[in-house]
Structures are given as C-alpha cells and as structure tokens.
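Colleague: Residue numbers (numbering that gives the first Met the number 0): 0 to 586.
From the three backbone atoms N, C-alpha and C, an ideal C-beta is built for every residue, glycine too.
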Amino acid sequence: MRLSQLLFVSLREVPAEAELVSHQLLLRASFIRKLSAGIYTYLPLGWRSLLKIIAIVREEMNKAGAQELLMPFAHPAELWQETGRWDEYGDLLMKLCDRQGRWFCLGPTHEEVITDLARQMVHSYRQLPLNLYQIGTKFRDELRPRGGLIRAREFLMKDAYSFDRDEAGLDKSFEAMRKAYIRIFTRCGLPFIIVEAEAGAIGGTENLEFMVIADSGEDRLLQCSQCGYAANRERAERRPPEGLERFVAKGQGEGTAPLQKVATPNRRTVEEVAEFLRVRPDQLVKTLLYVADDGRIVAAMVRGDHELNEAKLARLVGTKVRMADAPTVERLTEAPVGFAGPIGLKEKGVLMLADYDIAFLSDFVIGANEADAHFINANWGRDFAIDRFADLRFADSGDGCPRCDGILQMHNAIEVGHIFKLGTRYSEPMRATFVDEDGKEKPFVMGCYGIGISRILATIAEIHHDDDGLIFPITIAPFEAWVLPIESEGDLREVAERVYADLQRAGVEVVLDDRDERAGVKFKDMDLVGVPIQIVVGRSVRERGEAEIRLRRNRDDRRYLPVHAVTETVLTLRRQLYAELTPNEEA
RNA sequence: CGGGGCGUAGCGCAGUUUGGUUAGCGCGUCGGCUUUGGGAGCCGAAGGUCCCCGGUUCAAAUCCGGGCGCCCCGACCA
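#1: Can we say the region 577–584 touches the region 471–485, given the rule of at least three CB pairs closer than 8 Å?
#2: So for residue 372, helix, strand or coil by DSSP?
#3: Select from 239, 209, 144, 204 the residue whose C-alpha is nearest the C-alpha of residue 91.
#4: Should the region 91–103 be regarded as contacting the region 221–240, the criterion being three or more beta carbon pairs within less than 8 Å?
#5: Answer yes if the region 438–457 comes into contact with the region 496–503, meaning at least three C-beta pairs across the two stretches below 8 Å, and no otherwise.
#6: Closer than 8 Å by C-beta to residue 168: which residues in its own chain qualify, once you throw out the five before and the five after it? Chain order, please.
#7: Mind checking which residues open and close the alpha helix (DSSP H) that includes residue 524?
#8: What would DSSP say about residue 463, mapped onto helix, strand or coil?
#9: Which runs of the alpha helix (DSSP H) spanning at least 4 residues fall entirely within the region 301–333, listed in chain order?
#10: Considering residue 86, what are the terminal residues of the alpha helix (DSSP H) in which it resides?
#11: What's the gap between the Cα of residue 109 and the Cα of residue 190?
#12: Going straight from the alpha carbon of residue 218 to that of residue 229, what length do you get?
#13: Using the beta-carbon count (16 or more within 10 Å), is residue 301 buried or exposed?
#14: Along the alpha helix (DSSP H) that carries residue 22, what are the first and last residues, could you check?
#15: Looking at the unbroken alpha helix (DSSP H) that takes in residue 79, where does it start and where does it end?
#16: The beta strand (DSSP E) spanning residue 163 covers which residue range?
#17: Under 9 Å between the Cβ atoms of residue 318 and residue 368?
#18: Taking residue 536 and residue 485 to be in contact with their CB atoms under 8 Å, please state how far apart those CB atoms are, rounded to whole angstroms.
#19: Just mark residue 23 as buried or exposed, buried being the case when its beta carbon has 16 or more other beta carbons within 10 Å.
#20: How is residue 73 classed by DSSP in three states: helix, strand or coil?
#21: Since residue 218 sits in a beta bridge, which residues does DSSP pair it with?
#22: Assign residue 69 to buried or exposed, taking buried as 16 or more other Cβ atoms, counted over all protein chains shown, within 10 Å of its Cβ.
#23: Helix, strand or coil for residue 268? Go by DSSP, reduced to three states.
#24: Can we say the region 365–384 touches the region 330–345, given the rule of at least three CB pairs closer than 8 Å?
#25: Could you say which of 378, 208, 140 lies nearest to residue 253 if we only look at CA atoms?
#26: Return the CA-CA distance between residue 416 and residue 137, expressed in angstroms with no decimal places.
#27: Can you tell me which of the three DSSP states residue 142 falls into?
#28: Is it a yes or a no for the region 388–397 touching the region 299–315, going by three-plus beta-carbon pairs under 8 Å?
#29: If residue 385 sits next to residue 351, beta carbons under 8 Å apart, how far is it from one beta carbon to the other, in whole angstroms?
#30: Less than 9 Å separating the beta-carbons of residue 9 and residue 336?
#31: When the Cα atoms are used, what is the spatial distance from residue 267 to residue 210?
#32: Anyone know if the C-beta pair for residue 25 and residue 148 falls short of 9 Å?
#33: Closest to residue 603 by CA distance: which of 326, 257, 276, 263 is it?
#34: Find the nearest neighbour of residue 295 within the set 273, 345, 265, judged by alpha-carbon distance.
#35: Our contact map puts residue 214 next to residue 411 with C-beta atoms below 8 Å; I'd like the distance itself, whole angstroms only.
#36: Expressed to the nearest angstrom, what Euclidean distance is found between the alpha-carbon atoms of residue 370 and residue 260?
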C-alpha cells in the first residue's frame, strides 16, 4: 500500500472528545472516526486490524468445531417477549417500528434468535452437539458509552451458542470454548486473566470472564498473590478473617459499655451519623433489609465503610433477593427508613446475617428502629442475636484468598470475552427441544460465548503504546512492515521503491510512505500507526548501501543491512514475531 | 437517569464575565520559492448558519428562555 493512496489523515493534536489513550491514538492514527456517541466508522487502517482479529477468531472457532452463520440485525419483539427480555433488557434495547406498526429491536445479543432457529431445525439428539457462531454488529443503547471503542453502542462482537443433550455435553462444549479463547487472546497479544464472574442479564450458572488488566478498565477483579484464584469483584469471595472462629465462639462482642440510645436528628446515612457522633464509619453497622423470593425477610449487616454484595446475599439465602421497599421497612422497624437496626428483628422472624467483619466489632453504632435515634455501644450477642456470620461484602485489596492463605489484590481490567453455561434458561421458555435416545423430549442444554472484537482493538491500543503512538503485535497490525525513504525523490526514493516491491513480492504486507513530506513528519506518522517492522531508507544507503531495520517496540536497536538482504531479514523477523504469539500446543 | 463540563474554520483553542468596527490565533489544506534523519522557513490564498429555535436590544458569538449534540463522574455489559 502506498501511503499517498491510503485514507490516512493523522491528527497532531489530541481530539478534545477523547479521554482514554486508546481512544486518542485510534483517532489520531486514522483507525476510527466518530459518527455519533458510541458509534464509529472503522477507517481502512482500523478495518484492516479488525479483519485480522476476525480472521484469528474465525480460525480458532472453526478449529474448535463451531460453524459460522450470520443472523439478522432486526429482531421481532415477539421473540424477545417469549423470554421476558423485551422488558428485562429495557432501554438497552434500541427499539424501532416498521410501517405496519410492528415492533423490532436491534439485536444486542442473539440467544432468542438462535434458540428459535434451533427449535425449527434441530429435533434429534443425532444433530447434537452443535455450536453456531457469528461475527457481526451488535447494538446496545448503553447508559453511557465511554472511551471510544472500549464501550460503544454499536460494536463488533463474536457470539457463539452451543447446544447439547445434557450437562456433561455442555461441560465439554464450554471447555472447548475456554481453550479456543485462550488461543485467540494469546494470538492477539493480550495478556489475559480468566476470572469467575456473575452471570448478569444473560442468565445461567457458571461463567468465566477473560480480563485484561488495565488502569482504564471499568471492571474490578481480585487476584490472589499465591495461587491462581482470580474473580470479578462482583463475584470474588474472601477467606474468613484470622481469628473469626475465636470471636464467634465467645457468643458476643467484647464491649462492656452499656447500650445507650442517642438522638441523631435527621441523620440517616452512614456519613451523616458518623460525622454527627464523631466516630469513624467503620464503627457503625449498617442493617439492610431484604425480601427473599420465598417471602422471608433478611437483615444483612455490614460495617459502615463496607458495601453489601447482593449477589453474595442471594447465594447465601438461596433465592433472589430484593431490597425491602419503604413500607416494608417501616412496618418492620416501626420507624422511617434510615434508622433500621438489628435489635428486636429476630423476634419478628427476620433472618439475621452479618458480615465476618462484624464479629470483631464491639461498642459500635446501630440504628435504633426509631426516628432520629441510634444506639451507641451496641454489642452483638449481648444486645441482639445473629443467626450467621458470612461473607457478605465486596472483596478488597488485602482480603484473604478463599482458596489458599494468600492475599487478594484488586486491579482495574477490561473484559474482552465472556463464556456462559446457560443450561435451559432459553430453551425451556422457548420450548426448544429435541428427542433424545430414550425417546423423550428434552430442552437443549445451552452455552453462549462472546468476544468483543472491536473492544479487542481498543484494548490492544490501551496496553501496547508509548508516548509516540501505537505498538501493534504483528498479528493485529494493519500492516507488517513500513518503508520510509527520508527523501521523497531521487536515489533514496528509488531504492525504497525497490525494497517495497521486493517485500510485496515476498508476500509481506507493507506500506511505502511515498508522500512528499519531510522526514520528521514521516517518522512521526510511522511511529503513531505502530506497524511492527520499520525500514528506513536514509543516508546509510547512500554512504554504504545499507538500509536500516528496526522494530517499533524497540526503535533504538537499529540494524543496518545491505539493501538486497532487507527482504530476507524482514521475513525472518516476521517469523519470529508471529512465533512469539503462537500458543503452545496443549492449549 | 442524576451530577459536572463543553459546543466559534478540518483539528486544537482565544474572544462570552462587562453586548459595539470586517470574529481572531496555532496547526492542517491549496499555490509559489527555499528546504529535507524526528511534526521546516518565507510569501500568498481559500475556508465560518459562532450548535439550533425563540426573545431582549439601535446592535447578540456575547444577555435571557427553550431545545439538540458531545465529553467526564456514578448504577449495566463484549
């Protein structure tokens, strides 16, 4: 490709709209252009990189036995109403209406469509297992698009769906995808961590996220310093703190000060109460009331400076839970919302759960179940009963690993892939069934597997760059090599043309900067785009007949080679660079 | 949706507080000359519904009202 012919308009200055490095660099290097919030055109350079990501994904998916197809972008509302997600997904769905007044949505994911397809076409266990995937545009009307391609409203995604006879089959399909994903992200040059996660709106049971640690990431994960344990913060468990059993065995807190009611006029939140009583937030205990699906009322107590993890509470209770509404709270505590406390609740049949950390507290502050009042010097066991101490809050850096005696460390991360075991969450409501060997009709046992294609590009930019621009892994770079003649005319230009032609003949994807620009401009642009192999045709050619070859990631290590040996060297370097990103075979 | 910021030439911005000539600056673009190893110099030129609508005023980029768009911070996701 001759750079003069490419739609390439590099920006010297950082566009005001971009905050994240990946967003800035992809804009500056002419990879993307914004059309609207979270909606981007992929320019020729960006699209070349995306096509490479797509090719890798496609290759590995095919190798794993999946079949590619392409499903519609417009989904009829009735399909989504079958699973209840037309309402459940809510405003995330971009809804539209045709001339007949029929409603559609732009597909944010394709469980409904694929399940509908399966129930039409798959009727026998003989057709299973089946894994179908597509690579295409998804639309999610996100609450807030962010960071360019990191979270767009319209984005490229690979989504795959597996169909099996039973759980054992699903386990195999899931494992095949896990391995394929490892190969995919390795080949993309992304250092990833596999973490346990919550299922979210997709539903289902077990699921794993593929995360890339990056400061700009919107996800938090916790990783053990010693063993391999890693989990999304939504999911991360923590080891019971040192000495928990000893404290619990005592049956009550250690405080001896008498329980005392104090007036806290109109102070409801932890901050307000703590400030008013001049204590630290960690000397308060929040009592949060929840209603379980089976009607039980649960009190969840966490320290004032901690945050309750509802998913953990739900898992402990064994059903979904939702925060009790104001009337329920008021009926139970006989006080307005904001003053709930644990005393007297157990007597009313409330299940009393407390986070581990509460066991260590003594003489703390709790709500008094009375307007404008709190108790100070409260002690559990003495002043109120606790049914169970458990892990109820979000984990943090410094908490103990649940699997070993290591310590957890929290990191920001970007989610690039997510694999789910869905079970029969979609096949059952949609009556997608097959007839098994025993002649019985059974719902498909499904899995689904996503990869954010366009997000991979942004993540690579986020991880691989320096002050001057992008530094692409060769597998994803829009081109493999870049030839820069420091003069745009004359002998050096001629040599550059020859080198360029040679490389093309040898099958190298190469750019020739044939623009009539000053050398400095060309160097800046070459570094900005970040193609891995750089070839400079400069003075050394004129002086000694040697061209300069170097890698973008290590620009200062320059090698000088006779012009006729350039192609051979580039081929060698190329082979090495690809080899670095080749997954080892057992993966 | 809540909170904050922004909208002036392709890009980055000044001008708006305190209304007043022909709306500026840098970069980029086009033409010319000189340059050529890390975003060159000089000369010349083009390029604007000052986000939109309405109001106030002799006069609005500037003041007022309404709307739209974009970015950032919080609850969702690949």
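Modeller: Looking at the coordinates:
#1: Yes, they touch.
#2: The residue you call residue 372 lines up with position 373 of the first sequence. Residue state, collapsed to three classes: strand.
#3: As a first step, residue 91 must be located in the first sequence, where it is residue number 92. The residue with the shortest Cα to Cα distance from residue 91 is 144.
#4: The answer is no - the region 221–240 does not touch the region 91–103, with fewer than three Cβ pairs under 8 Å.
#5: Fewer than three beta-carbon pairs drawn from the region 496–503 and the region 438–457 are found closer than 8 Å, and the two stretches are therefore not classed as touching.
#6: Position 169 of the first sequence holds residue 168. Non-local C-beta neighbours of residue 168 in its own chain, meaning closer than 8 Å and more than five positions away in sequence, comprise 127, 128, 444, ordered along the chain.
#7: Position 525 of the first sequence holds residue 524. Counting along the chain, the alpha helix (DSSP H) containing residue 524 begins and ends at 518–528.
#8: Within the first sequence, the letter at position 464 stands for residue 463. Judged by DSSP in its simplified three-state form, residue 463 adopts coil rather than helix or strand.
#9: The region 301–333 contains these whole alpha helix (DSSP H) runs: 309–316, 325–332.
#10: Residue mapping note: residue 86 aligns to position 87 of the first sequence, counting from 1. Annotation: the continuous alpha helix (DSSP H) that includes residue 86 extends over 84–87.
#11: Translated into positions along the first sequence, residue 109 becomes position 110. Translated into positions along the first sequence, residue 190 becomes position 191. C-alpha separation (whole angstroms): 28 Å.
#12: For the purposes of this step, residue 218 is taken as the residue at position 219 of the first sequence. For the purposes of this step, residue 229 is taken as the residue at position 230 of the first sequence. A direct Cα-to-Cα measurement between residue 218 and residue 229 gives close to 13 Å.
#13: Against the first sequence, residue 301 aligns to sequence position 302. With 16 or more other Cβ atoms within 10 Å, it is buried.
#14: Working through the first sequence from its first residue, we reach residue 22 at position 23. 20–27 is the span of the alpha helix (DSSP H), which, as asked, contains residue 22.
#15: Translated into the one-based positions of the first sequence, residue 79 becomes position 80. If you look at residue 79, you'll find it in the alpha helix (DSSP H) that goes 76–81.
#16: Looking up residue 163 in the first sequence gives position 164. Element bounds for residue 163: 153–163.
#17: Your numbering for residue 318 matches position 319 in the first sequence. Your numbering for residue 368 matches position 369 in the first sequence. Not a contact, by the Cβ cut-off of 9 Å.
#18: As a position in the first sequence, residue 536 is number 537, starting the count at 1. As a position in the first sequence, residue 485 is number 486, starting the count at 1. Between residue 536 and residue 485 a beta carbon distance of about 7 Å is seen, short of the 8 Å cut, so the two are scored as contacting.
#19: As a position in the first sequence, residue 23 is number 24, starting the count at 1. The residue is buried, with at least 16 neighbouring Cβ atoms inside 10 Å.
#20: Numbered from 1 along the first sequence, position 74 holds the residue referred to as residue 73. The answer is strand: DSSP assigns residue 73 an E or B state.
#21: Against the first sequence, residue 218 aligns to sequence position 219. Answer by DSSP bridge pairing, in chain order: 412.
#22: As a working mapping, residue 69 is identified with position 70 in the first sequence. Residue burial annotation: residue 69 is exposed, with fewer than 16 other C-beta atoms found within 10 angstroms of its C-beta.
#23: Here the question's residue 268 lines up with position 269 in the first sequence. Looking at residue 268 - three-state DSSP - the assignment turns out to be coil, as it is neither helix nor strand.
#24: Enough Cβ pairs lie closer than 8 Å, so yes.
#25: On the first sequence, residue 253 is found 254 positions in, with the first residue counted as 1. That would be 378, whose Cα lies nearest to the Cα of residue 253.
#26: Here residue 416 refers to the residue found at position 417 of the first sequence. Here residue 137 refers to the residue found at position 138 of the first sequence. Going by the C-alpha atoms only, they are around 15 Å apart.
#27: Your numbering for residue 142 matches position 143 in the first sequence. The answer is coil: DSSP assigns residue 142 none of H, G, I, E or B.
#28: In the pairwise beta carbon analysis, the region 388–397 is classified as touching the region 299–315: at least three pairs are separated by under 8 Å.
#29: In the first sequence, residue 385 corresponds to position 386, counting from 1. In the first sequence, residue 351 corresponds to position 352, counting from 1. So it is a contact: roughly 5 Å between Cβ atoms.
#30: Locating residue 9 in the first sequence gives position 10, where the first residue counts as 1. Locating residue 336 in the first sequence gives position 337, where the first residue counts as 1. In this structure, residue 9 keeps its C-beta atom at 9 Å or more from the C-beta atom of residue 336.
#31: If you number the first sequence from 1, residue 267 lands on position 268. If you number the first sequence from 1, residue 210 lands on position 211. Looking at the two C-alpha atoms, the distance is approximately 38 Å.
#32: Residue 25 sits at position 26 when you count from the first residue of the first sequence. Residue 148 sits at position 149 when you count from the first residue of the first sequence. With respect to the 9 Å criterion, residue 25 and residue 148 are classified as neighbours on the basis of their beta carbons.
#33: Only positions 0 to 586 of the chain appear in this structure, which leaves residue 603 out of reach.
#34: Along the first sequence, one-based indexing puts residue 295 at 296. The shortest CA-to-CA distance from residue 295 to any of 273, 345, 265 is the one to 345.
#35: In the first sequence, counting from the first residue as 1, residue 214 sits at position 215. In the first sequence, counting from the first residue as 1, residue 411 sits at position 412. Right, their Cβ atoms sit about 5 Å apart.
#36: Stepping through the first sequence from its first residue, residue 370 is reached at position 371. Stepping through the first sequence from its first residue, residue 260 is reached at position 261. Rounded to whole angstroms, residue 370 to residue 260 spans 12 Å at the Cα level.
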